[in-house]
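Step one of this worksheet: look at the structure below.
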Amino acid sequence: MLINKAKKERFVWLDITITLAALQLMAYFYYGLHTVVTAFACVAFSFVCEYISVRLSNKKFTADNLTCVSDGLIISLMMPAGIDYKIPVMACIFANVVGKNIFGGRKNIIFSPAAVGYLFALTSWKDKLNMYPLPFARIGIREQAKELAVSASYTFNTTGKLSLSDYDILLGNFCGGVGTVSILLLLISAVILLFRRDISLGAFVGAVAGNVFMSVVCPVTSDISDTLKYVFTTNMTLFATIFIISDIRTTPHKSYYSFYYGLFTALISYALLLTTGIENLSVIIAVLLTPLALALKKLEDKIKYLKSTETIVETVKQNNELSEEIAADISVENDDISEIASDAIKEINEISGNNVSAVSFEAAQIGEGDISENA
Amino acid sequence: MKMHNFSPVDGLLRDNTVLSAGMVISPIIICGNNLQNAVALIYAFSIITLFSVALASFVPQKLPYAAKIIAYAIISSAIFIPVKILTEQIYPQCSESIGIYFPLLAVNSLIVYQTEVRFFKMRKLKMISSLVFYILGFDFVILLVGFIRELLAYGTIYNHVVNMDSIISGIGAPFGGFILLGLLCGIFRKLRTIASSGNDSDSEVK
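Residue numbers (this note's numbering), protein chains in the order written: chain X, 1 to 375; chain C, 376 to 581.
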């Protein structure tokens, strides 16, 4: 049991990495070798940063620390194809050093490191991150994208209109982050990870519920079904819901609490999408709502603690009642015993009293006989 | 009166106002994103703090604590007015970008808190020398932060363009300043621990 628990983190990492690798494969199919090299660079720098940070903090580097690899892959998949290599690399360094290890490493994760890295890149190289090459623009290792366009998210956020066929949406045939547009693959990944319990079910359901609720209450387009479709497929919503919002390292443990984290993230993202039109708000809000996740975690711990103290108090009460009952029984038994004993003593005394009188009579007779003999 | 044994140069490194005590960090984080702002802040902070503390030392110590603090704030506010006018003349662009953090310098922790805890427990001459080192400590940190942030975020040094290959504009934002200052504080404390452990081992050998 303990071994399973200890191994769980690395199994989660393995499952997530496999799904991310599938997305990476799809990205290679659409954009060419550049995305593969970006992914390798991200993974390599994440690994090096994690190793150095762990060694500097005098800890042992274990297989559980390899979660940094999946963080690196997530960052590379959120980037546009053909981006300058140093941008994802800097994002990975920032994510691992500042977003993760400064706060105490993998056991004290506050933010999703990948989201922090992406936010850093977004604030530092906003223009480069929000321009994407068209699908099937094969980009070589040393090349950069020639024709850039705004993302489908930008078009949807600013105009409220988007004309993409369901086939294109499912296969990811539209402008966006290399791994965030493959909707079919993302759906499959979500199902696998949910069944394998590698991501938080509560947060995932909460985020989906929040987006559905807002899409129904205040749709972006005139058609609710269109709004639902585009809300989930653009702005990295589905990708962020799976790999960032539902990250079990940051969400509360119980589904009940993590549901609210996911729900509020989705509600706020949607509200801001309607009012500001900023792209990829789910990632930004997931980081900004970290205090909420922490507060829910604390609440969860507090309730757990209170429950445990309640049970302790109840057991102590029960013990006291039992001991009182036992004490009462013992006292009754003692009274009975004492009565029996006193009766027995009386009887013994009576018997011994008769015997004593008989013996003393005999002794008196013997004494008189001795005196007369002497006389 | 009991005199406390503080070293006057503590404020420069060992008890640096920013790196060690984490005081007066908001102007550095928000406004210290280039050297020009840093210099303007150094100018304003140094004059306001030096004269405020020096004048506040004449406030009778028998007054209640709250009254003394109010008196210090009034003195520093009075000094702030001419300094603000002068800064607007010397650094016209910076005073705008510094904004609300400029008047906040008049009630910085060195004036409001450290006066009672440290400075007014010293003799006058020692107090002035210690105060100068504390101010220099702050000046050094804001210069360093301003230099790093301007270089990395804008690729310039005091508005002169440097041939920087990559620019990280996030460092110029408040969150970048916060993280950079946090990293500097961590490095400083690590170095201080190493230095103090080295001193301890030296003394043990002796």
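Ideal Cβ placement from N, Cα and C applies to all residues, glycine included.
Since the model is a prediction, treat every value here as computed from it, not as a measurement.
Listed along chain X, the residues sitting closer than 7 Å to C:I543 by beta-carbon distance are M90, S124. CA-to-CA, the gap between X:G105 and X:S112 works out to about 12 Å.
Its chain contains S246, I248, T251, S258 as the residues whose beta carbon lies nearer than 6 Å to that of X:S200, once the 5 sequence neighbours on both sides are disregarded; these appear in chain order.
The beta-carbon of X:K86 is placed less than 9 Å from the nearest beta-carbon of chain C. Remark: fewer than three beta-carbon pairs, one from each stretch, lie closer than 8 Å, so the segment 439 to 447 of chain C and the segment 465 to 476 of chain C are not flagged as touching. Per DSSP, reduced to three states, the secondary structure at C:H535 is strand.
Check the Cα spacing between X:R142 and each of X:N130, X:L193, X:Y85: the tightest is with X:Y85. In this chain, X:L134 is not harboured by any beta strand (DSSP E), its DSSP state being neither H nor E. Contact holds between the segment 42 to 49 of chain X and the segment 70 to 79 of chain X, because three or more Cβ pairs, one in each stretch, are under 8 Å apart. In the structure shown, C:I456 adopts helical secondary structure according to DSSP, grouped into three states.
By the beta-carbon neighbour count (other beta carbons within 10 angstroms, threshold 16), C:L555 is buried. The Cβ-Cβ distance between X:F243 and X:A81 does not fall below 9 Å. Three or more beta-carbon pairs separated by less than 8 Å link the segment 196 to 215 of chain X to the segment 265 to 277 of chain X, which places the two stretches in contact. Unbroken alpha helix (DSSP H) stretches of 4 residues or longer found wholly inside the segment 267 to 338 of chain X: 281 to 288, given in chain order. Between X:L119 and X:Y132, the C-beta gap is not smaller than 9 Å, which leaves the two residues out of contact. Proximity of chain C to X:V98 at the Cβ level (cut-off 7 Å) is accounted for by I554, in chain order. Taking 9 Å as the CB threshold, C:L526 stays off the interface with chain X.
Proximity of the segment 384 to 400 of chain C to the segment 426 to 435 of chain C falls short of the contact definition, fewer than three beta-carbon pairs being nearer than 8 Å.
Distance from X:V220 to X:T227 at the Cβ level is roughly 5 Å; contact confirmed, criterion being Cβ atoms closer than 8 Å. Scanning X:Y230, X:F136, X:W13, X:D168 for the CA closest to the CA of X:F29 turns up X:F136.
Partner residues in the beta bridge of X:I199, as assigned by DSSP, are X:D247.
Look at C:A448 here: in three-state DSSP terms it is helix.
Look at X:A149 here: in three-state DSSP terms it is strand.
For a cut-off of 8 Å, the C-beta gap from C:L480 to C:P402 is around 7 Å, short enough to register as a contact. Linking X:V313 to X:K307 through their CA atoms gives a straight-line distance of about 10 Å. For X:F120, the chain C residues whose Cβ falls inside 7 Å of its Cβ are G545, in order along the chain.
With three or more CB-CB distances shorter than 8 Å, the segment 19 to 35 of chain X counts as touching the segment 178 to 194 of chain X. Pairing X:L289 with X:T311 gives a Cβ-Cβ distance that is not under 9 Å. Under the Cβ distance rule, C:A548 counts among the residues neighbouring chain X, one pair being separated by less than 9 Å.
Distance from the CA atom of X:L263 to the CA atom of X:N58, rounded to whole angstroms, is 38 Å.
Around C:V384, the same chain offers F508 as residues with beta carbons nearer than 7 Å, after the five sequence neighbours per side are excluded.
Look at X:I141: its C-beta is not under 9 Å from any C-beta on chain C.
When secondary structure is reduced to three states using DSSP, X:D223 falls in the coil class, being assigned neither helix nor strand. Taking all protein chains in view, the Cβ of C:R524 is crowded by 16 or more other Cβ atoms within 10 Å, so the residue is classified as buried. The DSSP-derived three-state label of X:W13 is helix.
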